[in-house]
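A.B. asks:
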Amino acid sequence: MYHIPHAQRHHCITAPAAVLLLALCLLVAGVSAANGPVDASALADANVTIEPTPLPAHAASALAPFPGPHPVPGTVEPQDFDLGGEGVAYHDTEPANLGGTYRPTEGVDIETVEGFTDVGWIRSGEWLTYTVTATTPQTVVLWLRFANPDATSKRVTILTNGTVAGTVDLRSTGSFEMYGDSSSTPFSLPAGETAVRLSFDGVERVNLDLLTFAPPPTPEPTPMPEPEPELRISTRGIHTLDGDLSATSSIGVLITGSDVVLDGMGHCIEGTDADFSRGVIVGGISPDPLVVNVTVRNLTVRHWETGIEVMRANGTVIEGVVAEQNGAGLRHGGDEFFPSVNGVVRDSVFRNNTAAGIDLSYPFGGITVERCEVTGNREGMSAACWRGQYDSFHGSPSLVADCDISGNQGYGLHIGEGWYPSRRGVVSAVRNCTIRDNGGDGVVVSRSTTTIVGNRIEENGGYGVNAGESGGSEITSNWIAGNRIGVSAGGDWPSRVRNNLLNNTDNGIFAGPLDSGYLNFTRMDGPNIVGGPYLGGNYWAFPNGTGFSQTHPDTDGDGFCDTPFVTASGAIDYLPLAMPAGAPVPGGTGRPTSTAGNGLYDDVNGNGRADFADVVLYFNQMSWIAANEPMPAFDYNGNARIDFADVVWLFNHL
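Every position in the sequence shown, counted from 1, becomes a number in the numbering used here once 1 is added.
1) Asn545: which of Asn505, Leu578 and Pro528 sits nearest, CA to CA?
2) Assuming Tyr103 is part of the alpha helix (DSSP H), what are its boundary residues?
3) Between which two residues does the alpha helix (DSSP H) carrying Val617 extend?
4) My parser needs the alpha helix (DSSP H) runs of 4 or more residues fully inside the stretch 261–307; what are they?
5) So, with DSSP's three-state summary, where would you put Thr552?
6) Identify whether Pro633 lies in helix, strand or coil by the three-state DSSP scheme.
7) Taking buried to mean at least 16 other C-beta atoms within 10 Å of its own C-beta, is Asn162 buried or exposed?
8) Classify Ala628 as helix, strand or coil using the three-state DSSP reduction.
9) Whole angstroms are fine: how far does the CA of Gly607 sit from the CA of Asn521?
10) Hey, quick one: how far does the beta strand (DSSP E) through Asn504 stretch, first residue to last?
11) Name the two residues that bound the continuous beta strand (DSSP E) containing Asp405.
12) Whole angstroms are fine: how far does the CA of Val323 sit from the CA of Pro676?
13) For the alpha helix (DSSP H) that Phe645 lies in, which residues bound it at each end?
14) Using DSSP with H/G/I as helix, E/B as strand and the rest coil, what is Pro601?
15) Should the stretch 84–93 be regarded as contacting the stretch 140–152, the criterion being three or more beta carbon pairs within less than 8 angstroms?
16) Asp644 to Gly455, Cα distance in whole Å?
17) For the beta strand (DSSP E) containing Asp360, list its first residue and its last residue.
18) Among Glu107, Val318, Pro66 and Val281, which residue has its Cα nearest to the Cα of Trp305?
19) For Trp122, report the span of its beta strand (DSSP E) as first-last.
20) Straight-line CA distance for Val701 to Met382?
21) Can you tell which of Ala628, Arg156 and Pro631 has the C-alpha that lies nearest to the C-alpha of Leu209?
22) Please report the distance separating the alpha-carbon of Gly588 from that of Phe652.
23) Taking DSSP as the reference, what is the three-state secondary structure of Ile368?
24) Which term fits Asp574, buried or exposed, when burial requires 16 or more other beta carbons within 10 angstroms of its beta carbon?
25) Using only the alpha-carbon positions, how far apart do Ala34 and Val169 sit?
26) When you compare the stretch 595–605 with the stretch 462–475, are there three or more beta-carbon pairs, one atom per stretch, that lie closer than 8 angstroms?
27) Identify the residues that DSSP records as bridge partners of Leu190: which are they?
28) Might you give, ordered along the chain, the residues of its own chain that have their beta carbon closer than 6 angstroms to the beta carbon of Val293, omitting 5 neighbours on each side?
29) Grab the span of the beta strand (DSSP E) containing Val375 for me, first residue to last.
30) Apart from the five residues just before and just after Glu459, which ones in its own chain have a Cβ nearer than 6 angstroms to its Cβ?
31) Once DSSP output is grouped into helix, strand and coil, what is the label at Thr94?
32) Between which two residues does the beta strand (DSSP E) holding Thr596 run?
33) Looking at C-beta atoms only, is the number of pairs between the stretch 181–188 and the stretch 117–136 that lie closer than 8 angstroms three or more?
34) Exposed or buried, what is Thr564 when buried is set at 16 or more other beta-carbons lying within 10 Å of its beta-carbon?
35) Would you say Leu212 and Thr113 are within 9 angstroms of each other, going by their C-beta atoms?
36) Less than 6 angstroms between C-beta atoms, sequence neighbours within five positions excluded: which residues of the same chain meet that for Pro534?
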């Protein structure tokens, strides 16, 4: 289909020529051949000019940016193509919007899936136009975020004001659920408005998710050759250190072979804190190939910019390692063509490093971090794919389990995509970890999906769990106590917060779609987080004993408060947990009770009053109470454990 923007006038001048040409001119002029023969020579002698009847003007609307100006550099959502309609702002091969949920009167096919909107059903010959505005003439590249399920790359042509300006190759992403980013060749934009058209000639079966106009990348300088390491290992087998290694090179040990075990035998690899220095490198340095099945164990790395770096390596195991007083303790990544995937980091200590204790960065996938201590670093652990691909594009999501992530200056654990939410998440689960006393948030989930289950998240300087950006995580069965704020679970794709003990001065922000499953499960067999018989919602407490669950009755004994709990934002926990009745403490006379009605069982011996005998019994039976009683009822100071501080609290509150 061709669009003619303005009516065009064609002039036909007679001259000695073939009769066929003259007849065509007369036909354009509206002269009927049936009126009689035409004397061509007579017309020529008279120098007659035949004026054609003008063609009707096309009734299309003018281009205009939607919903408003798009400045560059900047981003444009693909569904925000220009106003103007079919043949002006876009061309679509069929007239209906097959997705229909956004701009339904336009013919472009726009779909929304799990909260994400894209342009889909793209067919060969279609095109989209976006009017962008530059304040000054500039050179840019155009990044496209896309899904291409097929094995072949597909090329999109870019036109600016009707002239071909560049192309973008869309490589395979494996499925419509996996998205990637590719950039164009650089092209120039003048100051003012420019109509940028994406032409899909020869392109089928791609979904388009984002346009980003950005300055061209700065050319990378010619890399300096890597210095020779103190020890290079390129042959398979078990290699051991016979003593400490004090390195003068910027690389301590370089492992470039597969099927290698480096056993430090308890020795130390010590650097000089030089810039760009690394204690141990596992993997090929370009152009070396990818390496597989390398184990590094039983050693200490200290005083390097990076203690251990895993790059261009699959199936790496790091175990029994201490990485301390470096810049970063461990960096685990790769490059676009050789990601580092399917590794294990276990039974290791990452402490007192001036950057992150553990940094899992693009591109990685399928990494398990278990039974590690991550303490005293600037940040605890980061698992972030800053390029923004779903699931990091590589392998399965990663796992963090049974770790102690405590006492770091900033956040404890950061999980997320840098640019766009992940539908599956770069980390599938954070499980059975202690995350406490960090200066910032305990856990940050940024634009990603994660299951946070069975953790002790306590006394952090920010949120216990900050999942306020889009992501849709499951936060369940955690003790979240003593943090500045408990949980943030807002956003347009909110997380679910269920079966947690929340005992913070401010238990958090709960925004987003207010459906019935946001803050509670449907009743099912337990036990729940405070020892009651059924799973439902959360236990809502305050350290001063005035929380909803602490002050509202459970008259039928089903483990739930008799009325729902409504948060300040209007989110509803329909099954807020109640504190189950305590069992008689050995040496007491009855079941413990709360004499103040605040959910804290200060009548430990069950004699109906709080007195010094309760202090003595508590002190003598601390271990039994911790093992057998509902902890929130006996955790008087709200630090999520039974200890001598609770004895002191009980004595001081007689």
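C-beta atoms are modelled at their ideal positions from N, C-alpha and C, and glycine is treated no differently.
C.D. replies: Looking at the coordinates:
1) In the sequence shown, residue 545 corresponds to position 544, counting from 1. Here the closest residue by C-alpha is Asn505.
2) In the sequence shown, the residue the question calls residue 103 occupies position 102. Unbroken run through Tyr103: none, as it is neither H nor E.
3) Within the sequence shown, residue 617 is the residue found at index 616, counting from 1. First-last of the alpha helix (DSSP H) with Val617: Phe613 to Asn621.
4) If only complete runs of 4 or more residues are kept, the stretch 261–307 shows no alpha helix (DSSP H) anywhere.
5) If you number the sequence shown from 1, residue 552 lands on position 551. When secondary structure is reduced to three states using DSSP, Thr552 falls in the helix class.
6) Locating residue 633 in the sequence shown gives position 632, counting from the first residue. If DSSP states are grouped into helix, strand and coil, Pro633 belongs with the helices.
7) Residue numbering aside, residue 162 sits at position 161 when the sequence shown is read from its first letter. Exposure of Asn162 is indicated by the presence of fewer than 16 other C-beta atoms within 10 angstroms of its C-beta.
8) Indexing the sequence shown from 1 puts residue 628 at position 627. Here Ala628 sits in helix by DSSP.
9) In the sequence shown, counting from the first residue as 1, residue 521 sits at position 520. In the sequence shown, counting from the first residue as 1, residue 607 sits at position 606. Taken atom to atom, the span from the alpha-carbon of Asn521 to that of Gly607 is near 32 angstroms.
10) On the sequence shown, position 503 is the one that residue 504 refers to. Per DSSP, Asn504 belongs to the beta strand (DSSP E) from Leu502 to Asn504.
11) By 1-based counting over the sequence shown, the position of residue 405 is 404. Unbroken beta strand (DSSP E) run through Asp405: Asp405 to Ser407.
12) With the chain covering only 2 through 655, there is no way to say anything about residue 676.
13) In the sequence shown, the residue the question calls residue 645 occupies position 644. First-last of the alpha helix (DSSP H) with Phe645: Phe645 to Asn653.
14) As a working note, residue 601 is residue 600 in the sequence shown. It is Leu, not Pro, that sits at residue 601 in the sequence shown. Coil, per DSSP.
15) Contact between the stretch 84–93 and the stretch 140–152 is absent, because fewer than three Cβ pairs lie under 8 angstroms.
16) Numbered from its first residue, the sequence shown carries residue 644 at position 643. Numbered from its first residue, the sequence shown carries residue 455 at position 454. Rounded to whole angstroms, Asp644 to Gly455 spans 21 angstroms at the Cα level.
17) Here residue 360 refers to the residue found at position 359 when the sequence shown is read from its first residue. First-last of the beta strand (DSSP E) with Asp360: Ala357 to Ser362.
18) Residue mapping note: residue 305 aligns to position 304 of the sequence shown, counting from 1. Looking only at Glu107, Val318, Pro66 and Val281, the smallest Cα-Cα distance to Trp305 is reached by Val281.
19) As a position in the sequence shown, residue 122 is number 121, starting the count at 1. Element bounds for Trp122: n/a, residue is neither H nor E.
20) No answer is possible for residue 701: it lies beyond the span of the chain, which begins at 2 and ends at 655.
21) On the sequence shown, position 208 is the one that residue 209 refers to. Nearest to Leu209 by C-alpha distance, out of Ala628, Arg156 and Pro631, is Arg156.
22) Residue mapping note: residue 588 aligns to position 587 of the sequence shown, counting from 1. Residue mapping note: residue 652 aligns to position 651 of the sequence shown, counting from 1. The alpha-carbon atoms of Gly588 and Phe652 are separated by roughly 18 angstroms.
23) By one-based count along the sequence shown, residue 368 stands at place 367. Collapsing the DSSP output to three states places Ile368 in coil.
24) Residue numbering aside, residue 574 sits at position 573 when the sequence shown is read from its first letter. Under this definition Asp574 is a buried residue.
25) Locating residue 34 in the sequence shown gives position 33, where the first residue counts as 1. Locating residue 169 in the sequence shown gives position 168, where the first residue counts as 1. Per-residue confidence for Ala34 stands at a pLDDT of 32, beneath the threshold of 50, marking its modelled position as unreliable; the derived number appears in the next sentence. Computed Cα separation, rounded: 53 angstroms.
26) Between the stretch 595–605 and the stretch 462–475 there are fewer than three inter-stretch CB-CB distances shorter than 8 angstroms, so the stretches are not counted as touching.
27) As a first step, residue 190 is located in the sequence shown; it is residue number 189 there, counting from the start. Leu190 is bridged by DSSP to Gln139.
28) Position 292 of the sequence shown holds residue 293. Answer for Val293: Ser259, Asn315 and Gly316, listed in chain order.
29) In the sequence shown, residue 375 corresponds to position 374, counting from 1. Its beta strand (DSSP E) spans residues Glu374 to Thr376.
30) For the purposes of this step, residue 459 is taken as the residue at position 458 of the sequence shown. Only Arg437, Ala482, Gly483 and Ala641 meet the Cβ criterion.
31) Numbered from 1 along the sequence shown, position 93 holds the residue referred to as residue 94. DSSP places Thr94 in coil when its eight states are reduced to three.
32) Translated into the one-based positions of the sequence shown, residue 596 becomes position 595. Per DSSP, Thr596 belongs to no beta strand (DSSP E) and is neither H nor E.
33) When C-beta atoms of the stretch 181–188 are compared with those of the stretch 117–136, fewer than three pairs fall below 8 angstroms, so the two segments do not count as touching.
34) By 1-based counting over the sequence shown, the position of residue 564 is 563. That one is exposed.
35) Position 211 of the sequence shown, counted from the first residue, corresponds to residue 212. Position 112 of the sequence shown, counted from the first residue, corresponds to residue 113. The Cβ-Cβ distance between Leu212 and Thr113 does not fall below 9 angstroms.
36) Numbered from its first residue, the sequence shown carries residue 534 at position 533. Closer than 6 angstroms at the Cβ level, and outside the excluded window around Pro534, lie Gly527 and Gly560.
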